[in-house]
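Below is one structure, written out as structure tokens, with a few remarks after it.
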Amino acid sequence: MYGLTGDPESWEQRLRELAPDLIEEIHERKQPSTGLPDLEVNGKAVLRFAPNPNGPATIGSVRGIVVNSEYARRYHGEFIIRFDDTDPKTKAPMLDAYTWYLDDCEYLGTVPDRVVYASDHLLEYYEYAKKLILMGKAYVCTCSRDEFKRYKDACEPCPHRDTDVDVNLKHWEQMLDGGYSEGDAVLRIKTDIKHKDPAMRDWAAFRIVLAPHPRPEIGDRFRVWPLLDFESAIKDHILGITHIIRGKDLMDSEQRQRYVYDYLGWQYPKTMHWGRMKIHEFGRFSTSAISEAISDGTYTGWDDPRVPTLRALRRRGITAAAIRKFMIDLGIAETDISLSLDNLYAINRKIVDPAANRYFFVWEPVRMEILGAPDVIATPKYHPGRDDLRKIPAGPTLYVCRTDIEGLEAGDKLRLKNLYDVEITSTEPLVARCIGGTHEAWCATCEKPRYQIIHWVPDEYVSVVVRAPDRMYEGVGETGIVDEQGNVVQFERFGFVRIDSVDTGRVVAYFAHR
RNA sequence: GCUCCGAUAGUGUAGCUCGGCCAAUCAUGCGGGGCUCUCAAUCCCGCGACUCGGGUUCAAAUCCCGGUCGGAGCACCA
């Protein structure tokens, strides 16, 4: 008998004698990894993202699109986008949002293999409802919400639970035919009325909604609509979904849906959930709250930089590659997270920096007269890593940032980047005199600049507005900016921006990050 | 009230299934330095964590029990 004492080395030595092949196994475990964990796949992987198109894709939806499509890609499977648009009233779909979702998917580099509209398949849901009624697993309930809640909380069946199948069927037909009006009847799935978790007890699968559906091809054709748990359960099976990966908020959904799967003899897909995601920069947000703020003019639209939608990130120049990496690096831990977009910005910066041209943008501009200004053309590089040069003719009048000259006094000296050195002679109004050190002179000597380097914009400028999530910057920029519409550029000493529009000498840029 | 999840540096994240090489990974952030005529990029160096209390064990981030904290569900929303 080997004793129970000893240090790890001696144990390993003993193991080496007894079972040398196990040593290797012990040593190869616990490799650090990041990103998405492997999936258990038997045959084909089919994944879906199922939004309610009652607004455009938010950062939360993006996680669903990226993670699911990434898995589909990894396992050469299928990625389906399914619009769960079965609520024409409380969270009614927005017609534009259907297109926006598809467009956003494309931006993220994943054209879905299939696009499915739940509202196209009501007859299919009815069919399964009937099947379950015939099996005695579903019943029409005409209790009011409050009444039913009382029965449910008391673990008691409501009076409709044991209705005969024939009668249930008749009531169901009446629901479909208009024999009941909105709020008068629902179809419930029979589970276990004594289930210890009240959330599981006889949940509602269909209700009557008289509001017309926003899709013109659907309109007012239907009055009985499935609720999420039923709609999703049926459709996931029909589509052959193998893995459901979504937020933790839908965890209980699985338990409810399993009743239906068991009744129908189906196998439930494998599931994974990620925890609640809260973003520092945006705080709590709901689609309906944003919608309201847009209507009342607080935000300019669904792509306002203050709004947590993908459309807004796109407008700011956050690349699809950065967003994908950001979401994938998050993995799918069930922990609730509260994160900052710093990480996303850092990823994006690395992607965008090599290609972003540099420009001077002066915010809160202050006019500066230069005494003895030589007539020169400044030639800063478009990019520090390349040799092509911008040409900025500088005269006796320049603009500099207020923040750069605040606190300065007559006699203080500054380096105007790529131009020359100046000495302040007066602050009100701002006047300075050129004291040499032109760019050519510097090139000859390569001396280090002696004074604080600031950037500037000449008298010939374009006015520039930068819309950032937290505020708006107004100022002037060098004229070359007008050729960059749609591009991400770096405003030196300011940050990366995407040039959104250029209208008659006025540029609007969206701030990405520093 | 009932039920279900979760807890690793400032923020994310790996490791937990199957206890040992974990004095705990990677990224971001922060601090210092090099380079640079941008406060960007880049390069070097550094900082910083296993929620608490018990238990099991030769050995616990990892297994068990309890507490605390955080989140979610109990809708005729998704």
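Residues 0 to 513 (numbering that gives the first Met the number 0) make up the first sequence, in order.
For glycine and all other residues, C-beta sits at the position ideal for the given N, C-alpha and C.
Check	Outcome
Glu280 versus Ala321 - alpha carbon distance	17 Å
Whole-angstrom C-beta distance between Ala377 and Tyr106, which should lie under 8 Å	Their Cβ separation, rounded to whole angstroms, is 37 Å, which puts Tyr106 and Ala377 out of contact at 8 Å.
Sequence-distant residues of the same chain with beta carbon closer than 6 Å to Asp335, five excluded per side	Gly274 and Arg275
Run of the beta strand (DSSP E) containing Asp420, from where it starts to where it stops	Asp420 to Ser425
Leu415, enclosing beta strand (DSSP E) - first and last residue	Lys412 to Leu415
Distance between Met271 and Val66 (C-alpha atoms, nearest Å)	11 Å
Distance between beta carbons of Ala511 and Gly494, contact taken as under 8 Å	7 Å
C-alpha gap between Glu77 and Ile331, whole angstroms	20 Å
Proximity of Ala508 and Val464 at Cβ, strictly below 9 Å	yes
Start-to-end residues for the alpha helix (DSSP H) that takes in Arg214	Neither: Arg214 is in no alpha helix (DSSP H) and is coded neither H nor E.
Identity of the residues DSSP links to Pro364 by a beta bridge	Cys400
Proximity below 9 Å, CB of Tyr398 to CB of Arg366	yes
Euclidean distance between Cα positions of Gly436 and Gly410	17 Å
Nonlocal neighbours in the same chain, by C-beta distance under 7 Å from Met250, ignoring five residues either side	His272
Thr308 classed as buried or exposed, judged by whether at least 16 other C-beta atoms fall within 10 angstroms	buried
Completely contained beta strand (DSSP E) runs for the stretch 215-280, where each covers 3 or more residues	223-225, 242-246, 269-273 and 276-278
Tyr258 vs Lys189 beta-carbon contact at 9 Å	yes
Test item: CB-CB of Leu46 and Ile243 under 9 Å	yes
Tyr125 versus Cys157: straight-line alpha-carbon distance, rounded	23 Å
Beta carbon of Ala96 nearer than 9 Å to that of Gly54	yes
Beta-carbon contacts of Val40 that lie in its chain and below 6 Å, excluding the five residues immediately before and after	Tyr74
Beta bridge counterpart(s) of Glu473 as assigned by DSSP	Val464
Those residues which DSSP pairs with Leu594 across a bridge	Coverage of the chain is limited to positions 0 through 513, which leaves residue 594 absent and any answer about it impossible.
DSSP-derived helix/strand/coil call for Ala117	helix
Residue span of the alpha helix (DSSP H) that contains His170, given as start and end	Val164 to Asp176
Whole-angstrom distance between Val139 and Tyr150, CA atom to CA atom	15 Å
His512, DSSP secondary structure in three states	strand
Contiguous beta strand (DSSP E) assignments of at least 3 residues, all confined to the stretch 189-214	203-207
CB contact flag (Asp386, Lys380, <9 Å)	yes
Whole-angstrom C-beta distance between Val488 and Val506, which should lie under 8 Å	Actually they do not touch by this definition, with Cβ atoms about 11 Å apart.
Distance between Glu69 and Ala44 (C-alpha atoms, nearest Å)	11 Å
Beta-carbon gap between Trp171 and Arg255 smaller than 9 Å	no
Cβ pair Ile453, Arg492 closer than 9 Å	yes
Leu133 (DSSP reduced to helix, strand or coil)	helix
Minimum length 3: unbroken beta strand (DSSP E) runs contained in the stretch 306-354	336-338
Strand pairing of Tyr358, partner residues [DSSP]	Phe490
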